[in-house]
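Chemist: Handing you this structure, nothing more for now.
There are 2 protein chains.
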Amino acid sequence: MAKDRKIDLVILGLLFHEDLTGYDIKKRIDGAISFFWKGSFGNIYPALSDMEKSGLVKKRRSETEGRREKILYHITDKGTDTLKDWLNAKQATNDLKYETLLKLYFGGAQDKDTALRNIGYFEEQVRADLAVLRTYKETLEKVLDRKDHVYYYLTVTFGIDTYEAYLKWCRGAKKTLNIMC
Amino acid sequence: MAKDRKIDLVILGLLFHEDLTGYDIKKRIDGAISFFWKGSFGNIYPALSDMEKSGLVKKRRSETEGRREKILYHITDKGTDTLKDWLNAKQATNDLKYETLLKLYFGGAQDKDTALRNIGYFEEQVRADLAVLRTYKETLEKVLDRKDHVYYYLTVTFGIDTYEAYLKWCRGAKKTLNIMC
DNA sequence: CGACAATATATCGTTTTGATGTATCTGTTT
DNA sequence: AAACAGATACATCAAAACGATATATTGTCG
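Put into C-alpha cells, the structure is as follows:
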C-alpha cells in the first residue's frame, strides 16, 4: 500500500520531458491532461516531497540571481524506472463520475422538463470542451513528425470522438424523453 | 462546506424508491450505476449515520421475528426536498479518470508496442462492459412503460454509445500508431 | 506608483477509496 | 443433523484525493 498514488505517475510522466516546479506541474495538468485526469496543489506538493524522500525525483534550485528561488524538480533513474514499470503493467483503472447521469438516473423524482434541462446543461458543457479539443487537434496536426506529439494527438482524438458521441446521445435522449414521458 | 458529499444524493435517490439497508445500497450502486458512479462501505455507512442525524433519512428496524435485525433506512420529507433541489440545480461535475489515456499520453517514454498493448487491454475491458450494458438494454426495453425505466434506459444507452465510440477510436489509434511510430 | 493578475509554495478539513474485520444467516451437501 | 461455503450486514481504518485557502513575491499596465 502507499504505492497506489496515481498522481506520482502523472508527475513522473511530466518530469520525464523537462524539469518543472510544482506550480508548473499543476499548469500542465490543467491543460490537455485535465480532460482525462486532474490534480490539485493538495496532492501535487505532498507527492513531490514524498518522491524526493524516496529518490524518484531530485530538487534543483534555479539560479536566477536577484529573483526568488524556484524549486525545480528533476526525474532520477529510479523515477524513470518507476514510470516505465507502470507503462508496462496491464493494470489500468478507468473511473468515471458523471453527475449528469446520476441526475438522469434519478430523474423519476422530478418532472421531464428538469431532465431535459439537465441534458441541455451537459450539452452546453460538451460543446464548449469540444471546441477546445478541436483547436488542440489542429495545433498538434502540424507537428506530428515528433513522436511524443502522436501520443498527445491520440488522447485528443479520444476526447473528440467520445464528446461527439455524447452530443449524438443528447439528441436521441431528448427525443426519447419527449416521446416516452 | 461539508455539503458537497455526492454519495448523499446517490443514497437519497435510491431511498426515494424503497427502504434499503446500507448493504442493499452498496449492491444497487454496484449494479447499473457503477458505470457512471461508485460507492464503498467506507462512505455509505458514515453518510447514512450523518444523514440520520440531520434528518434526511430515518431508521426503520425490520420486524422479522427470530432473525437478526436489519437497519432499513427510509427517506424523510426533508431528504426528498434535498434530492429535488439537487436535481433542479444546474451544477453537475463530470469527472473522468482514464489511466489508459494517461499511459498513452506518456507513451513516449516507452516503445510503440507497449502503447499498442495498453490499447488492447482497454479494448478488452470495453468489450466486456459493452456486453453487460447490452443485456441491461434488452431487459429494460421490455418494461419502458414505467417512467422510471425510461430514465434507467437512457443512462444505459449513454454507456453503449460512448463505449462503441471507444472501440472505434481503438481501431483508429492502433492504425495511427503503426503508421506514425 | 498603485492596483491587479500571475507565479510559487504550502497546508487544512472534508470526502473518497479500498481493504479488512467481525458476525450472522441461508442453502447445500453428506 | 452437522458441516461448510457463500451471501448478508454493519463497521472501521489508513491512505489518497479534493477543494479551498493562506501567504508572499513578481510582472505588468494604465
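In order, the protein sequences belong to chains G and U.
Here the first sequence stands for residues 1 to 181, where the numbers follow the working numbering.
Here the second sequence stands for residues 1001 to 1181, where the numbers follow the working numbering.
Built from N, CA and C at the ideal position, the CB exists for glycine as well.
Tyr-152 (chain G) versus chain U: which residues are under 7 Å apart at the beta carbon?
Modeler: Within chain U, the residues near Tyr-152 (chain G) are Tyr-1105.
Chemist: What residue range does the alpha helix (DSSP H) around Asp-113 (chain G) cover?
Modeler: Taken as a continuous stretch (DSSP letters only), the alpha helix (DSSP H) holding Asp-113 (chain G) covers 112 to 141.
Chemist: Report the rounded CA-to-CA distance for Ser-49 (chain G) versus Glu-1018 (chain U), giving the unit in angstroms.
Modeler: One C-alpha to the other measures close to 48 Å.
Chemist: Going by DSSP in three states, Met-1 (chain G) sits in which element: helix, strand or coil?
Modeler: The predicted position of Met-1 (chain G) is uncertain, since its pLDDT is 35 and thus under 50; no value can be drawn from it.
Chemist: With DSSP collapsed to three states, give me the class of Lys-1174 (chain U).
Modeler: Residue state, collapsed to three classes: helix.
Chemist: Kindly give me the distance between the Cβ atoms of Val-1126 (chain U) and Leu-1167 (chain U), rounded to whole angstroms, as I take these residues to be in contact under 8 Å.
Modeler: The Cβ separation is near 6 Å, so the contact holds.
Chemist: Helix, strand or coil, according to DSSP, for Asp-1148 (chain U) in the structure here?
Modeler: In this structure, Asp-1148 (chain U) counts as helix in the three-state DSSP scheme.
Chemist: Does the beta carbon of Phe-164 (chain G) come closer than 9 Å to any beta carbon on chain U?
Modeler: It should be noted that the sequence gives Glu, not Phe, for residue 164 (chain G). By this cut-off, Glu-164 (chain G) is an interface position.
Chemist: Mapping the DSSP letters down to three states, classify Asp-1077 (chain U) as helix, strand or coil.
Modeler: Asp-1077 (chain U): helix per DSSP, three-state reduction.
Chemist: What is the DSSP secondary structure of Leu-12 (chain G), reduced to helix, strand or coil?
Modeler: It is helical.
Chemist: I want to verify the contact list: residues of chain U whose CB lies under 8 Å from the CB of Asn-88 (chain G), in sequence order.
Modeler: Here the neighbours are Gln-1110, Thr-1114.
Chemist: Answer yes or no: does any C-beta atom of chain U fall closer than 9 Å to that of Asn-118 (chain G)?
Modeler: So yes, Asn-118 (chain G) belongs to the interface.
Chemist: State buried or exposed for Val-143 (chain G), treating a residue as buried only when at least 16 other CB atoms are found within 10 Å of its CB.
Modeler: It is exposed - the Cβ of Val-143 (chain G) has fewer than 16 other Cβ atoms within 10 Å.
Chemist: Roughly how far, in whole angstroms, is the beta-carbon of Leu-1056 (chain U) from the beta-carbon of Leu-1012 (chain U), given that I think they are within contact range, below 8 Å?
Modeler: That pair is a contact at about 7 Å.
Chemist: Is Leu-102 (chain G) helix, strand or coil by DSSP?
Modeler: Leu-102 (chain G) falls in the helix class under three-state DSSP.
Chemist: Nearest to Thr-76 (chain G) by CA position, among G:Met-51, G:Ala-173, G:Arg-67, is which residue?
Modeler: Nearest option by C-alpha distance: G:Met-51.
Chemist: So, is Asn-118 (chain G) buried or exposed, given that buried needs 16 or more other C-beta atoms within 10 angstroms?
Modeler: When all chains shown are included, Asn-118 (chain G) counts as buried.
Chemist: Quick one: Cα of Ile-179 (chain G) to Cα of Leu-1104 (chain U), how far?
Modeler: If I take the Cα positions, the gap works out to 41 Å.
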